[in-house]
Amino acid sequence: MSPLTAIWMKNWNTLRNLRRILQRESIFKTVFILLFAAGMTGGFFMMFLNGFQFLASLGGGGFMITRRLFSLFFLGLGAMLVMSNIITSYSTIFRSRETLFLLTQNCGRFHKSQSWAVT
Amino acid sequence: MISIQHLNKRFGNVQAVDDLSLEIPAGELFCFLGPNGAGKTTTIKMMTGLLRPDSGTIRIGGFDVQKQPVEAKRIMGYIPDMPFLYEKLTPVEFLKFVAGLYNVAHPDLSGHIESSLRQFGLQEARNALIGELSHGMRQRLLYIATFIHIPKVIFIDEPLIGLDPHSIRMIKNLLRAKVRDGMTILLTTHILALAEDIADRIGIISGGRLIALGKLGDLRTQSGDKGSLEDIFLNLTASTESQTQNPEP
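Same order as they appear, the protein sequences are chains A and B.
Sequential numbering of the first sequence, starting at 491, is according to the numbering used here.
Sequential numbering of the second sequence, starting at 36, is according to the numbering used here.
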């Protein structure tokens, strides 16, 4: 087994065990969380659908507001994505205990790509 | 097997390791002793490639840790004082993962893992998640994982933290057995009785400098103290610390 396959297998086993952990949880808790998430998603969908339908009913001004709202939304989304990637990359490369663990193991390519993480 | 030449590491104004040179032959259990902040963990981290030295060289089994990290890491194992384990894996899955990282070509890997788990008293927990294991069990699992690829050199930082007396005896016997088989072990500890009990040679480090090195008898001669290792250690480190605090003009 190559180190890459070992890492892939480890991730697969982790996912499988997460399902096992979920199965051990109370059914009521799991169903409640799922229903709450579905309710929130559905509620937001209906709220925005009605909001945009109202804006569309206003004609030209409404379309302009919708366009601006979408521009702002995607600008915010893009900024958040960049910020979260910076934070995640920093914590994964320099602060993660898993990185330190892997750096002491025999994963050839990983060492070469992560060697600059060594302080 | 381990060769350190003029190793230096500085963190800001603190000289963590100061011109450390050391040779450890194959099949020796070497024990690093020193007060808190003496530079033991920093030295081990540099030997395992987790820290970059400011100057000096470290060779493990002939491989330069800086220039040939992959080759050096292939023949070494490291057990840190605060080990990382995958909490969402079972011991068997974790051991297979580590075996995979090292390309362990054992004809019966599953059988080998099962017998190791039995030897370390973990067979009952083989399918439990690592996150559910006690500290002692996790520590024992880490020992199995470290030995799975049969390394030539092992670095252990505080090997007995949180272990019960049975586990301590088992680990001590295991380390001695591995050394008899030719493995080289470098461990750091605060438990002086452990060093006295199992070490072939002892190095005392203080303020980043190696202040004494040798067998217990040699240390007695160097310190001029005929007492226990505790007396020798306190005597040597106290004089070094007073020198550091009151340097001569």
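A virtual CB, placed ideally from N, CA and C, is assigned to each residue, including glycine.
All values derive from a computational prediction rather than experimental measurement.
Check: Straight-line Cα distance separating residue 227 of chain B from residue 256 of chain B; Outcome: 18 Å
Check: Those runs of the beta strand (DSSP E) which lie wholly inside the stretch 107-154 of chain B and span at least 3 residues; Outcome: 111-114
Check: Range covered by the alpha helix (DSSP H) that runs through residue 201 of chain B; Outcome: 200-215
Check: Top-ranked residue by Cα proximity to residue 41 of chain B, from B:203, B:217 and B:88; Outcome: B:88
Check: Beta-bridge pairing of residue 190 of chain B - partner residues as DSSP gives them; Outcome: B:113 and B:221
Check: Contact set between residue 573 of chain A and chain B, taken where Cβ atoms lie within less than 9 Å; Outcome: Residues of chain B passing the Cβ test: none, with the nearest at roughly 27 Å.
Check: Segment contact flag, the stretch 68-87 of chain B with the stretch 550-569 of chain A, C-beta cutoff 8 Å, min 3 pairs; Outcome: no
Check: is_contact[residue 591 of chain A, chain B] using C-beta, thresh 7 Å; Outcome: yes
Check: Rounded straight-line distance, which links the Cα of residue 122 of chain B to that of residue 265 of chain B; Outcome: 38 Å
Check: Alpha helix (DSSP H) segments (min. 4 residues) lying fully within the stretch 230-268 of chain B; Outcome: 251-258
Check: Residue 341 of chain B burial status per 10 Å Cβ neighbour count (16 or more: buried); Outcome: As shown, chain B starts at 36 and ends at 284. That puts residue 341 of chain B outside it, with no answer to give.
Check: Within-7 Å CB hit, residue 251 of chain B to chain A; Outcome: no
Check: Inter-residue Cα distance where the pair is residue 249 of chain B and residue 594 of chain A; Outcome: 28 Å
Check: At least three beta-carbon pairs within less than 8 Å, the stretch 147-159 of chain B to the stretch 517-535 of chain A; Outcome: no
Check: Spatial distance of residue 46 of chain B from residue 501 of chain A (CA atoms); Outcome: 36 Å
Check: DSSP beta-bridge partners of residue 102 of chain B; Outcome: None; residue 102 of chain B has no bridge partner.
Check: Beta-carbon spacing of residue 115 of chain B, residue 157 of chain B below 7 Å; Outcome: no
Check: Distance between residue 570 of chain A and residue 192 of chain B (C-alpha atoms, nearest Å); Outcome: 40 Å
Check: Residue 135 of chain B at chain A interface by Cβ criterion, 7 Å; Outcome: yes
Check: Short CB-CB distance (under 7 Å) between residue 178 of chain B and chain A; Outcome: no
Check: Helix, strand or coil at residue 179 of chain B [DSSP, three-state]; Outcome: helix
Check: Validate contact between the stretch 205-224 of chain B and the stretch 175-194 of chain B using beta carbons, cut 8 Å, 3 pairs; Outcome: yes
Check: Continuous alpha helix (DSSP H) stretch holding residue 566 of chain A: start and end; Outcome: 550-584
Check: Residue 58 of chain B - partner residues in DSSP beta bridges; Outcome: B:38
Check: For residue 73 of chain B, the three-state DSSP class (helix, strand or coil); Outcome: coil
Check: CB contact flag (residue 107 of chain B, residue 119 of chain B, <7 Å); Outcome: no
Check: Beta-bridge pairing of residue 44 of chain B - partner residues as DSSP gives them; Outcome: B:52
Check: Close-in-space but distant-in-sequence residues of the same chain around residue 260 of chain B (CB under 7 Å, 5 per side omitted); Outcome: 266, 267 and 270
Check: Cβ-Cβ separation, residue 55 of chain B to residue 234 of chain B (assumed contact under 8 Å), whole Å; Outcome: So it is not a contact: roughly 18 Å between Cβ atoms.
Check: Buried or exposed by the 16-neighbour rule on C-beta atoms within 10 Å, applied to residue 175 of chain B; Outcome: buried
Check: Residue 492 of chain A: contacting residues in chain B (beta-carbon distance under 8 Å); Outcome: 135 and 138
Check: 7 Å Cβ cutoff met for residue 493 of chain A and residue 136 of chain B; Outcome: yes
Check: Supposed close pair residue 112 of chain B, residue 100 of chain B - CB separation, criterion 8 Å; Outcome: No, residue 112 of chain B and residue 100 of chain B are not in contact; Cβ-Cβ is about 14 Å, not under 8 Å.
Check: Spatial distance of residue 536 of chain A from residue 544 of chain A (CA atoms); Outcome: 12 Å
Check: Below-7 Å beta-carbon distance, residue 128 of chain B vs any chain A residue; Outcome: yes
Check: Distance between residue 231 of chain B and residue 67 of chain B (C-alpha atoms, nearest Å); Outcome: 11 Å
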